[in-house]
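Q: No gaps in the numbering here: position 41 of the sequence shown is 41 in UniProt numbering, and each next residue is one more.
Cβ coordinates follow ideal geometry from the N, Cα and C atoms, glycine included.
Once you've had a glance at the structure underneath, I'll fire off some questions.
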Amino acid sequence: MGQSVSTAKLTSRRDCNRSQRSKSKSTALIGQMQAEEAEEVERNSIDGLSDIISVLPDECLACIFQSLTPGDRKRCSLVCRRWLRIEGQSRHRLSLNAQSDLHPHIPSIFSRFDAVTKLALKCDRRSVSIGDEALAQISEHCRNLTRLKLRACRDLTDAGMLAFAKNCKCLKKLSCGSCTFGAKGMNAVLDYCPALEELSVKRLRGITDGAAAEPIGPGVAAASLKSICLKELYNGQCFGPLIVGAKNLRSLKLFRCSGDWDKLFPLIVDRVTGIVEIHMERIQVSDIGLTAISNCLNLEILHLVKTPECTNVGLGSVAEKCRLLRKLHIDGWKANRIGDQGLIAVAKSCLNLQELVLIGVNPTKISLEMLASNCQNLERLALCGSDTVGDAEISCIALKCIALKKLCIKSCPVSDHGMEALASGCPNLVKVKVKKCRGVTSEGVEWLRTNRGSLVINLDTGEQLDASASDGGGAQDNGVEFPPMVASQIGAPSIASSSTGRSTSHKLLGLLSGMSLVACTLRRFGNSNGSSQS
1 MGQSVSTAKL TSRRDCNRSQ RSKSKSTALI GQMQAEEAEE VERNSIDGLS
51 DIISVLPDEC LACIFQSLTP GDRKRCSLVC RRWLRIEGQS RHRLSLNAQS
101 DLHPHIPSIF SRFDAVTKLA LKCDRRSVSI GDEALAQISE HCRNLTRLKL
151 RACRDLTDAG MLAFAKNCKC LKKLSCGSCT FGAKGMNAVL DYCPALEELS
201 VKRLRGITDG AAAEPIGPGV AAASLKSICL KELYNGQCFG PLIVGAKNLR
251 SLKLFRCSGD WDKLFPLIVD RVTGIVEIHM ERIQVSDIGL TAISNCLNLE
301 ILHLVKTPEC TNVGLGSVAE KCRLLRKLHI DGWKANRIGD QGLIAVAKSC
351 LNLQELVLIG VNPTKISLEM LASNCQNLER LALCGSDTVG DAEISCIALK
401 CIALKKLCIK SCPVSDHGME ALASGCPNLV KVKVKKCRGV TSEGVEWLRT
451 NRGSLVINLD TGEQLDASAS DGGGAQDNGV EFPPMVASQI GAPSIASSST
501 GRSTSHKLLG LLSGMSLVAC TLRRFGNSNG SSQS
């Protein structure tokens, strides 16, 4: 009987083991079937995706490509011949290494990229650049070019610029730097490009220095020019006829251009009455020039950077007449020629002031209090390299500047007590930047963060204190260039790159879902297919 019991137990164990083995086999079989089904579904989805993209119009694919990063655009061009063609035809902006060996490849490049309207030709300064023949050939392929940027193309001459200008009459913006063509080449552009709106010239070595310099402009382009920027020119005043003749000019920027500009500004403001922005950095200009500029009644933006001959008198003349002034940047270069007197004149007349940057200027509580009280729209304020801006001045700003949103303090004798005043002042303040102020400690900044949690504070103590905060080169070098404050910024979606066409297609399909144009197209094709099947 004991044997029968043990035999029965053994039999039940065998049956249990068989059952478990059969279940595991079934599970494995089911798992294999599921995997095969999933693979088949994936294949079908990929085939369906290919079918969807194959029926998309070229315009839809071009719209998608324009939303991709440059790297992803290149990868997409490798998927198939159609994508290669569409990507090339939809590319409007192109940047090329303009070395001499580019010349033989120009026909093939621009036969593919035949819709380019914005072109950059940049060459390394130690390399040989393209020459006149290459530029002329490019201009024949890009007759609809609207923007051209030339960098270090030292082998271009006046003849090449003439050939280019004759072919590209739709040009709206020209920027050239470290080139060697001269006044004849520049005049060719001004004579043959009537739509030119922006001109930026930097280190144009072909311009003759001295009295023998050939004048530039005005040409037919003078009537359309709205912005002129001249940088590091030996004889920038040879552009005088162009500036004087540009009656619709709105922005004039002069950086380190030699010559006596006091003689030219009276002529400019007498003919050009709509200027709203003037930027002068390290040029020879004095109160005479500022007095002439004061006749620009529509002036809204003025930058005086390292112009030591400009004093309170000239600034007062500008403030008295230019009452629409919104942005004022002054780098006094520690010359103490501009101070309370000039700033008080600004406070009395320029009530629309929104942005004030003072570098190497020594204002006191008197002028700062008047600016804070009168300029109720002041939103951005920067005080750099000032020996007179301390805790009392910061407390005054905190109490009076109700609209202030951004405050920058650099290399000023401010301490934690000044930071404490910001805890309860400036109700609209959103960001404070403190740099190289030895009296401000991390503990003081942390206390301010604790008591005003919504305030963004950037503290940079710096290992050494600059003897002069304005030795660098303008407001941007001092970290006080205020970007425009906007509610939101819309950019192109960032899509991870992939080396396979299949995964790229999946990413493109994800992008399709967010674009109404493509969605409408898909619905249209779906309806047409449904009707054909019925």
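How would you label Leu358, buried or exposed, when you count the other beta carbons within 10 angstroms and need 16 or more for buried?
A: buried
Q: Look up Asn248 in the DSSP assignment and say whether it is helix, strand or coil.
A: coil
Q: Does the CB of Leu302 have a neighbour CB from chain C at under 8 Å?
A: Among the protein chains of the structure shown there is no chain C, as only one such chain exists.
Q: Quick check on Cys322: does DSSP put it in helix, strand or coil?
A: coil
Q: In whole angstroms, give me the CA-to-CA distance for Met370 and Ile394.
A: 13 Å
Q: Give me the residue from Ser411, Ala421, Ser286 with the minimum Cα distance to Lys400.
A: It is Ala421 whose Cα lies nearest to the Cα of Lys400.
Q: Three or more beta-carbon pairs under 8 Å between the region 302-314 and the region 362-377, yes or no?
A: no
Q: With the cut-off set at 8 Å, would you say Ala163 and Val189 are in Cβ contact?
A: no
Q: Taking the alpha carbon of Asn235 as the reference point, which residue from Pro218, Gly131, Arg203 has its own alpha carbon closest?
A: Arg203
Q: Counting pairs of Cβ atoms below 8 Å between the region 317-335 and the region 296-306, do you hit three or more?
A: Enough Cβ pairs lie closer than 8 Å, so yes.
Q: Work out the CA separation of Cys350 and residue 571 for me, nearest whole Å.
A: The requested residue 571 does not occur in the structure, where the chain is confined to residues 1 to 534.
Q: Could you give the DSSP three-state label for Lys348: helix, strand or coil?
A: Of the three classes helix, strand and coil, the one that applies to Lys348 here is helix, per DSSP.
Q: Kindly confirm or deny that the region 142-153 and the region 111-125 touch, where touching means at least three C-beta pairs closer than 8 Å.
A: yes
Q: Looking only at its own chain, which residues have a Cβ that is under 8 Å from the Cβ of Leu508, when we skip the five neighbours before and after it?
A: Note that Leu508 scores 41 on pLDDT, short of 50, meaning its location in the model is unreliable and no value can be drawn from it.
Q: May I have the straight-line CA-CA distance separating Ala152 from Lys410, to the nearest angstrom?
A: In this structure, the alpha-carbon of Ala152 lies about 36 Å from that of Lys410.
Q: Would you call Asn529 buried or exposed, if buried means 16 or more other Cβ atoms sit within 10 Å of its Cβ?
A: Any reading at Asn529 needs caution, since the residue's pLDDT is 44, under 50, leaving its predicted position unreliable; the model's value is listed next. By the 10 Å Cβ count, Asn529 comes out exposed.
Q: Assuming Asn451 and Lys433 are in contact, meaning their beta carbons sit under 8 Å apart, how far apart are those beta carbons, in whole angstroms?
A: Not really, about 18 Å apart at Cβ, beyond 8 Å.
Q: Using only alpha-carbon positions, find the residue among Asn97, Ile109, Ile106 that is nearest to Ala120.
A: Nearest option by C-alpha distance: Asn97.
Q: Determine whether the beta carbon atoms of Ile344 and Gln376 lie at a separation below 8 Å.
A: Contact flag unset, no.
Q: Please go through the region 358-435 and give each complete alpha helix (DSSP H) segment of 4 or more residues, from N-terminal end onward.
A: 365-374, 391-400, 416-421
Q: Can you tell me where the beta strand (DSSP E) with Cys310 in it begins and where it stops?
A: No beta strand (DSSP E) holds Cys310; DSSP gives it neither H nor E.
Q: Please say whether Ile397 and Ala423 have beta carbons closer to each other than 8 Å?
A: No, Cβ-Cβ distance for Ala423 and Ile397 is not below 8 Å.
Q: DSSP three-state label for His105, please.
A: helix
Q: Just checking my contact of Gly289 with Arg250 at CB under 8 Å: how many whole Å lie between their CB atoms?
A: Incorrect: roughly 19 Å between the Cβ atoms, too far for contact.
Q: I'd like the list of long-range same chain contacts for Ile109, defined as Cβ closer than 7 Å, with 5 residues on each side in sequence excluded.
A: Around Ile109: no qualifying Cβ.
Q: What does the Cβ neighbour count give for Glu87, buried or exposed, with the cut at 16 atoms within 10 Å?
A: buried
Q: Of the residues Asp132, Ile293, Gly390, Val244, which one's Cα is nearest the Cα of Lys226?
A: Val244
Q: Check each candidate in Gly453, Leu94, Thr291, Ala382 and name the one with the smallest Cα separation from Lys435.
A: Ala382
Q: Please confirm whether residue 574 and Glu281 have their CB atoms less than 8 Å apart.
A: No statement about residue 574 is possible, as the shown extent of the chain runs from 1 to 534 and does not include it.
Q: In chain order, what residues of the same chain have a beta carbon less than 7 Å from the beta carbon of Ala195, not counting five sequence neighbours either side?
A: Cys170, Leu171, Lys172, Ser224
Q: List the DSSP bridge partners of Asp460.
A: Lys435
Q: When DSSP labels each residue in this structure, what does Ile138 get in the three-state scheme?
A: helix
Q: Of the choices Ser178, Leu135, Phe181, whose alpha-carbon is the least far from that of Asn167?
A: Leu135
Q: Within its chain, find whatever has a CB closer than 6 Å to the CB of His417; leave out the 5 residues flanking it on each side and keep chain order.
A: Asp391
Q: Would the beta-carbon of Ala246 fall within 8 Å of that of Ala222?
A: yes
Q: Could you check which residue in Ser415, Leu94, Lys406 has the C-alpha nearest to that of Arg427?
A: Note that residue 427 is Pro in the sequence shown here, rather than Arg. Among Ser415, Leu94, Lys406, the Cα nearest to that of Pro427 belongs to Lys406.
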